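To start, the structure itself, in structure tokens.
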Amino acid sequence: MTFRRILCPTDFSLASREALRTACDLARSAHATLVIVHVIESRMWMAEAMVELATPSSTSETDRLDRELAEWKAEARQLGAGEVKTELLTGVTAWDRIVDTARSGAFDLIVIASHGRTGLSRALIGSVAENVVRHAPCPVLVVPIRRE
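Letter by letter, the sequence shown follows residues 2 to 149 of the numbering used here.
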């Protein structure tokens, strides 16, 4: 299988950094474009019959996230990825926005981290990686965090 476009979602965690390293290795060996994305989840508040989406982020927070993505892009270039792009996305749920991006961007592969949560924390927080695997329009490589 040849990869031309690889999507690597990040939440800027150590687990996501592991996924970035894997995505860079694959992008380098396949001469593929690597796109690193971060999703700002909108908060949804329900009041009787009306649903209001809160503003996803302040300008200073958006600027901070853009700088963080730029740092990840620079790291990806240092790790040998050729063409690297970044996108800051907004959505109600991260996994849904990641899947939509993969679908609309004609990606060949998604490389995503797994935090390895289990039990109650997983039930309360949910699993972005699991939902991406279930709904993605392309193959998904789930990279576990190293437990050292």
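The beta carbon of each residue, even a glycine, is placed where N, CA and C say it ideally should be.
Predicted, not measured: the structure shown is a model, and the values here were computed from it.
Item                                                                                                  : Value
Residues near Glu69 by beta carbon distance below 8 Å, same chain, minus five either side             : Phe13, His39
Cβ neighbour criterion (16 or more within 10 Å) applied to Ala33                                      : buried
CA-to-CA distance, Val100 to Arg6, given in whole angstroms                                           : 14 Å
Three-way DSSP call (helix, strand, coil) for Cys25 in this model                                     : helix
Simplified DSSP state of Glu84, which is helix, strand or coil                                        : coil
Whole-number beta carbon distance between Ala114 and Ala20, since they are thought to touch under 8 Å : 4 Å
C-alpha distance - Arg26 paired with Phe108, whole-angstrom precision                                 : The question names Arg, but residue 26 is Asp in the sequence shown. Near 17 Å, if we compare the C-alpha coordinates of Phe108 and Asp26.
Three-state secondary structure assigned by DSSP to Ala114                                            : strand
Local Cβ density within 10 Å of Arg147, reported as buried at 16 or more and exposed below that       : exposed
Same chain, Cβ closer than 6 Å to Ala28, neighbours up to 5 away in sequence not counted              : Ile7, Leu35, Ala82
Local conformation of Ile146 per DSSP, three classes                                                  : coil
Thr91 to Glu76 span [Cα, whole Å]                                                                     : 23 Å
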